[in-house]
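In the working numbering, the protein residues as written are 441 to 729.
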């Protein structure tokens, strides 16, 4: 059967097992990486640039096009846009490939598996592993650039103690026994949300998101607290950045039971790891007040 599948692949078709048997579709116009480990082995620290911006694509081709075009229009020279297409869902990977043909700073990788199968943190960690940039950013597909939004964030890193910055920050509500995070204003914060977050490259390669985080929700806050726990500062720049948010498919259009189960797992792990150490929070003194 494997030989037959190989012959079918050579002929330009992809065979997929389904509950009903199998389906046959025309092969996409790009190469597919079998798994994240193979990517890291082949491309370790090979993608350079002042900053690498990771965008994870797991469907929604129209939004993929809108988000990437806006990013490519406004991103500063020298920045690489790294796109991980997970599963070519609804042809979104083909949109990525089309855009890459006309934008040399867009680096594309395509995976056979969906994001739910690969896991959000594993995807981010693999992306970090193949970069050697000074800064590593993660941007959600719902984030739309309306101007150059990176430089004000990078300015925060002039303070060598700063390891993480971004668009939206939140703080732990200690009065609710860490059960809630509230929106934060500019300055020091406890966590940066994954709509657009930028990590100092050396720190990202040392402290990545927890590999157990299959789903994005709460994993950004868990990662932020891990960075704070290592003694680094996390800040939000002054002023409003030229960004807007469209529909957040990761939350609104994920399967609800999967979303809620994985979100709870990550938040429970966050509490287990960090609630006993209130001193890592920026607004709490060593006595937890």
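We put the CB at the ideal spot given by N, CA and C, even for glycine. Being a predicted model, the structure only gives us computed values, none of them experimental.
Hey, how far is the Cα of residue i from the Cα of residue j?
{"i": "residue 663", "j": "residue 705", "result": "14 Å"}
{"i": "residue 548", "j": "residue 453", "result": "21 Å"}
{"i": "residue 711", "j": "residue 630", "result": "14 Å"}
{"i": "residue 624", "j": "residue 606", "result": "12 Å"}
{"i": "residue 502", "j": "residue 534", "result": "11 Å"}
{"i": "residue 490", "j": "residue 708", "result": "35 Å"}
{"i": "residue 482", "j": "residue 516", "result": "28 Å"}
{"i": "residue 565", "j": "residue 615", "result": "33 Å"}
{"i": "residue 727", "j": "residue 622", "result": "With a pLDDT of only 38 at residue 727, under 50, the local geometry of the prediction cannot be trusted, and the value read off the model is given with reservation. Distance between the alpha carbons of residue 727 and residue 622 is about 21 Å."}
{"i": "residue 729", "j": "residue 676", "result": "Because the pLDDT at residue 729 is just 41, under 50, the model does not fix this residue reliably, and the value given afterwards should be weighed accordingly. Rounded to the nearest angstrom, the two C-alpha atoms are 23 Å apart."}
{"i": "residue 472", "j": "residue 719", "result": "45 Å"}
{"i": "residue 539", "j": "residue 469", "result": "13 Å"}
{"i": "residue 641", "j": "residue 572", "result": "7 Å"}
{"i": "residue 661", "j": "residue 498", "result": "21 Å"}
{"i": "residue 570", "j": "residue 485", "result": "4 Å"}
{"i": "residue 725", "j": "residue 500", "result": "Residue placement at residue 725 is flagged as unreliable, the pLDDT there being 42, under the threshold of 50; a coordinate-derived value is accordingly withheld."}
{"i": "residue 645", "j": "residue 568", "result": "6 Å"}
Since residue i is in the alpha helix (DSSP H), which residue starts that stretch and which ends it?
{"i": "residue 533", "result": "532–542"}
{"i": "residue 709", "result": "696–714"}
{"i": "residue 483", "result": "476–483"}
{"i": "residue 508", "result": "501–514"}
{"i": "residue 419", "result": "Because the chain spans 441 through 729 in this model, residue 419 falls outside it and cannot be assessed."}
Buried or exposed: residue i, going by 16 or more other Cβ atoms within 10 Å of its Cβ?
{"i": "residue 694", "result": "buried"}
{"i": "residue 649", "result": "buried"}
{"i": "residue 542", "result": "exposed"}
{"i": "residue 507", "result": "buried"}
{"i": "residue 464", "result": "exposed"}
{"i": "residue 554", "result": "exposed"}
{"i": "residue 670", "result": "exposed"}
{"i": "residue 656", "result": "buried"}
For residue i and residue j, which I take to be in contact (beta-carbon distance under 8 Å), what is that distance rounded to the nearest angstrom?
{"i": "residue 626", "j": "residue 678", "result": "5 Å"}
{"i": "residue 592", "j": "residue 681", "result": "6 Å"}
{"i": "residue 667", "j": "residue 643", "result": "6 Å"}
{"i": "residue 551", "j": "residue 531", "result": "In fact, because the Cβ distance is near 15 Å, the residues do not count as touching under 8 Å."}
{"i": "residue 536", "j": "residue 504", "result": "7 Å"}
Identify the continuous beta strand (DSSP E) that holds residue i and give its terminal residues.
{"i": "residue 465", "result": "461–466"}
{"i": "residue 496", "result": "491–497"}
{"i": "residue 685", "result": "683–685"}
{"i": "residue 524", "result": "519–526"}
{"i": "residue 609", "result": "609–612"}
{"i": "residue 621", "result": "621–623"}
{"i": "residue 615", "result": "No beta strand (DSSP E) contains residue 615, which DSSP labels as neither H nor E."}
{"i": "residue 606", "result": "602–606"}
Could you tell me which uninterrupted beta strand (DSSP E) segments, each at least 3 residues in length, are contained entirely in the region 653–677, listed from first to last along the chain?
673–676
Quick one: which unbroken beta strand (DSSP E) runs of 3-plus residues sit fully inside the region 547–592? Chain order, please.
575–579, 583–585
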